[in-house]
Amino acid sequence: MTHYPYIVVGAGTSGSIVARRLADAGKRVLIVEAGPSNCTELVQDLSHIPDLWHTERDWDYYTAPQAHAAGRRIHLPRGRVLGGSHSLNAAIWVRCLPSDFDGWAADGCPGWAWADVEPVYRRIEGWRGAPDPARGTEGLLPIEENQPMHPIQESIIDAAVEWGLERNPDYNSGSIEGVSRQQVTVEDGDRVSTWDAYAHPAVAAGTLDVRTGVVVRRVIVADGRATGLEIEFDGQLEVLTADEIVLAGGTFGSAEVLLRSGIGPAEQLADHGIPLVADLPVGKNLHDHYLVPVIFGTERPVEAPAPHRSVTQSHWFWKSDPALEVPDTQPITFSVPMLEPDMSFEGTGFTLMAGLVTTHSRGEVTLADAGDPAGIRIDPHVLEDPRDLASILASVRQCLEVGAQPALADAWGAAVVYPAPGAGDDALIAYIREHVITYHHQVGTCRMGSDDRAVVDPTLRVRGVAGLTVADASVIPTVTTGNTNAPAAVIGEKAADFLLASADAPVAVTNAAV
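Converting from the sequence shown to the numbering used here requires adding 1 to each position, the first position being numbered 1.
Written out as C-alpha cells, the structure is:
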C-alpha cells in the first residue's frame with residue numbers, strides 16, 4: 002500500500018495543472034493516468050488529429066442509440082494518454098464569453114464570475130501575438146495564432162467576410178463574434194498540452210510523481226471521508242491511500258469512478274448492488290456541442306495536409322437569430338473533406354462544419370449493465386430539444402452560403418457535395434440527424450453548484466464526502482460558448498487554489514522553470 006498526501010486521477014488538462022500547482026507549493030503528489038505517453042508524432046503533429054481516434058490513446062466511447070439522430074451511436078473520442086483529451090483535440094484556445102461565467106455565478110457558483118476567472122486566464126496564458134493588456138504573456142501554456150495558414154483557409158475567411166461576417170483579429174479579447182484564425186496551444190510546430198507545459202517539467206525535476214497504465218476502479222470512503230483508491234495495474238488490484246484525492250478523469254471518467262464508489266443516485270446504485278455512500282445526481286446534466294459536416298469539392302486542387310499544419314485553422318461565432326444575446330453557433334473549418342462512414346468522394350475539397358454551442362438538450366451517464374465492457378452508458382439526448390435543431394439548421398444553411406461566395410466558388414471552383422445540392426429544409430433536417438457528430442465538448446455530469454442539483458460545491462468538493470475533489474469539465478454547470486479546453490484549464494488552476502487554501506498553505510503561483 003502506497004500513501005501520498007495528494008493523488009490526482011487523470012493527467013489531462015485540469016489534472017496536470019492541479020498536480021503542478023500542488024507540487025509548486027511543496028506538496029507530495031502522485032498523478033495517475035490510464036493511458037500511455039504522449040511522446041508520439043501522432044500527438045505532437047496537429048495534422049494527424051483524426052488518426053488518433055480508435056487507437057490505444059482513445060477511450061473510444063460511443064453514445065447509446067440516439068432517437069433524434071437517426072438512431073445512431075455517435076463516436077465520442079476521449080484522451081486515454083498523458084495530456085488527456087488535450088492530446089487528441091485541435092489544441093484550440095477559446096476563453097469563451099464573460100456571460101458564460103457570470104451565468105455560473107448567478108446559478109449558485111460564487112467565485113466563478115468573469116471577474117474571478119479572467120485573472121486566472123492571464124495566469125495561464127503565454128500569449129505570443131500582438132501585445133494586449135487583456136492577454137497573459139508570462140504563463141506556462143504557449144498560445145499563438147494557428148499558422149502557417151493553408152491557402153484554402155485564407156479563402157474560407159475571405160468568403161465568410163464576403164457573406165457578411167466581420168473579421169475578428171482576436172476573439173479572446175473583446176468581442177467573440179466574427180470570423181477568425183484559431184488560437185492554439187502550439188510551440189515550434191508541436192502541440193503543447195498542459196501535461197507538456199505544467200506536469201512534465203515537474204516530473205522531470207523530481208517534484209511530481211506519475212504512474213501510467215493505472216485504471217482507477219473506485220474511491221475508498223470510510224466514515225464519510227475519501228481515504229484512498231482501488232486501482233488496477235498490470236492486471237492486478239492495488240490500493241493507494243491519500244489525504245486528499247482529486248478526480249480529473251473527465252466528464253465520463255470522473256462520473257464513472259464516483260458511481261462505482263457508491264456516490265450517485267441511490268436507486269441506480271441499488272440496482273447495481275453498490276453500497277450507497279452519498280446520494281448525489283452524478284451523471285445527470287450531460288450535454289455537449291455538436292457539428293454537422295458541410296463538404297465541398299473543388300476544381301482547383303487543395304494541397305494535402307502538410308506536417309505540423311493543423312487540418313483546421315479558422316472558425317467563427319454567429320447568432321442564428323439576431324434577437325439572441327450571444328452567439329449560439331461556432332462553425333469550424335477543415336482543409337480536407339471530413340467524410341463520415343457513409344460518404345464517398347474523389348478529388349480534393351474542404352469542410353465547413355456547422356456548429357452548435359448553446360445546447361439545450363440534457364442527457365445522462367449511467368453504469369452499464371453487467372458484462373458490458375464499456376462500463377458506462379452515455380445518452381446525451383442529441384438534438385432532443387427543438388431549439389438545438391433550429392440553431393444547427395441555420396448554421397448548415399449559413400455554411401452552404403459561405404461556400405458559395407466568390408472567394409471559394411470562383412477562386413477554387415467550390416461546389417457542395419454533402420448535403421445534396423439544392424436540398425430543402427426537410428432534406429437538410431434528415432441530413433443533420435444522419436450526420437450530426439460531437440464537437441468533443443462534453444460537460445456537466447458532476448455539476449458544480451449550491452443546490453440539490455449539484456455534485457460538487459463551488460470549491461469543487463464532493464458534497465458530503467470529505468477529502469474528495471472533482472476538477473475537470475464534468476463540473477461545468479452550463480456549457481461555455483466555445484471550446485471547453487481553456488475553461489478546463491481554469492478549473493485546474495482554481496481547484497489547486499481551493500485545495501491549498503483549505504490546507505492553510507500559501508497559494509504558490511510560479512511560472513518559473515522547475
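C-beta atoms are modelled at their ideal positions from N, C-alpha and C, and glycine is treated no differently.
Computed from a predicted model, the values in this text were never measured in an experiment.
Exercise for the section: Taking 8 Å as the threshold, find out whether the segment 347-363 comes into contact with the segment 398-415 through three or more Cβ pairs. Expected result: yes
Problem - Same chain, Cβ closer than 7 Å to A408, neighbours up to 5 away in sequence not counted - result: S156, D159, A160, E163
Exercise for the section: State the DSSP-derived secondary structure class of R129, mapped to helix, strand or coil. Expected result: coil
Exercise for the section: Identify whether I275 lies in helix, strand or coil by the three-state DSSP scheme. Expected result: coil
Handout entry: Which residues DSSP lists as bridging A243, in chain order
Key = Y5
Exercise for the section: Confirm, please, whether the CB-CB distance from C110 to P488 is below 8 Å. Expected result: no
Problem - Bridge partners - D380, DSSP secondary structure assignment - result: E365
Practice task
Would you be able to state if there are at least three C-beta pairs under 8 Å between the segment 441-448 and the segment 285-294?
Solution key: yes
Handout entry: Start-to-end residues for the alpha helix (DSSP H) that takes in T14
Key = 14-25
Exercise for the section: Rounded to whole angstroms, what's the CA-CA distance from P302 to E347? Just pull it up for me. Expected result: 12 Å
Problem - Burial state of Q45 (16 or more Cβ within 10 Å) - result: buried
Handout entry: First and last residue of the uninterrupted beta strand (DSSP E) at Q399
Key = Not the beta strand (DSSP E): Q399 falls in the alpha helix (DSSP H), residues 387-404.
Problem - Backbone CA spacing between R378 and A472 [nearest angstrom] - result: 22 Å
Exercise for the section: Out of A271, G214, L277, state which residue places its alpha-carbon closest to the alpha-carbon of I221. Expected result: L277
Handout entry: Whole-number beta carbon distance between V247 and V9, since they are thought to touch under 8 Å
Key = 5 Å
Handout entry: Strand pairing of L357, partner residues [DSSP]
Key = Y291, T330
Problem - Cα-Cα separation, A271 to D25 - result: 42 Å
Practice task
Under 6 Å Cβ to Cβ from E167, same chain only, skipping five residues before and after it: list those, please.
Solution key: G179
Exercise for the section: Only counting runs of 3 or more residues, tell me where the beta strand (DSSP E) segments fall wholly within the segment 33-99, in order along the chain. Expected result: none
Exercise for the section: Could you tell me if A506 is buried or exposed, where buried requires 16 or more neighbouring beta carbons within 10 angstroms of its beta carbon? Expected result: Here A506 scores only 48 on pLDDT, less than 50, and its place in the model should not be relied on; the value that follows carries that caveat. Exposed, because fewer than 16 other Cβ atoms sit within 10 Å of the Cβ of A506.
Problem - Chain-order list of residues whose beta-carbon lies under 8 Å from that of L23 (same chain, five-residue window excluded) - result: Y7, V9, V30, A497, L500, L501
Handout entry: the segment 45-54 / the segment 308-317 touching (three or more Cβ pairs under 8 Å)
Key = yes
Handout entry: Cα-Cα separation between A91 and W317, rounded to whole angstroms
Key = 15 Å
Practice task
With a 10 Å radius around its C-beta and 16 neighbouring C-beta atoms as the bar for buried, classify P420 as buried or exposed.
Solution key: buried
Practice task
Verify whether the separation of the beta carbon atoms of G112 and R123 is less than 8 Å.
Solution key: no
Exercise for the section: Name the residue from D244, V476, G423, G372 whose alpha carbon lies nearest to the alpha carbon of A504. Expected result: D244
Problem - Straight-line gap, D108 to G450 (C-alpha atoms, nearest Å) - result: 7 Å
Exercise for the section: Could you give the DSSP three-state label for T299: helix, strand or coil? Expected result: strand
Problem - Supposed close pair G465, E365 - CB separation, criterion 8 Å - result: G465 to E365, Cβ: 20 Å. No contact.
Practice task
Quick one: residues in its chain with C-beta nearer than 7 Å to the C-beta of I264, no 5 flanking neighbours on either side, listed in chain order?
Solution key: V278, A279, L281, V283, V463, V466
Handout entry: For T195 and P143, the rounded distance between their alpha carbons
Key = 10 Å
Handout entry: Own chain, CB closer than 6 Å to P66, minus 5 neighbours either side, in chain order
Key = G72, R74
Problem - Residue burial classification, A267 (beta-carbon count within 10 angstroms, cutoff 16) - result: exposed
Practice task
Have a look at A149 and L368 and give me their C-alpha separation to the nearest angstrom.
Solution key: According to the sequence as given, residue 149 is Pro; it is not Ala. Roughly 44 Å between the two C-alpha positions.
Practice task
Identify which residue in A68, R192, Y63, T64 has its Cα closest to the Cα of S88.
Solution key: R192
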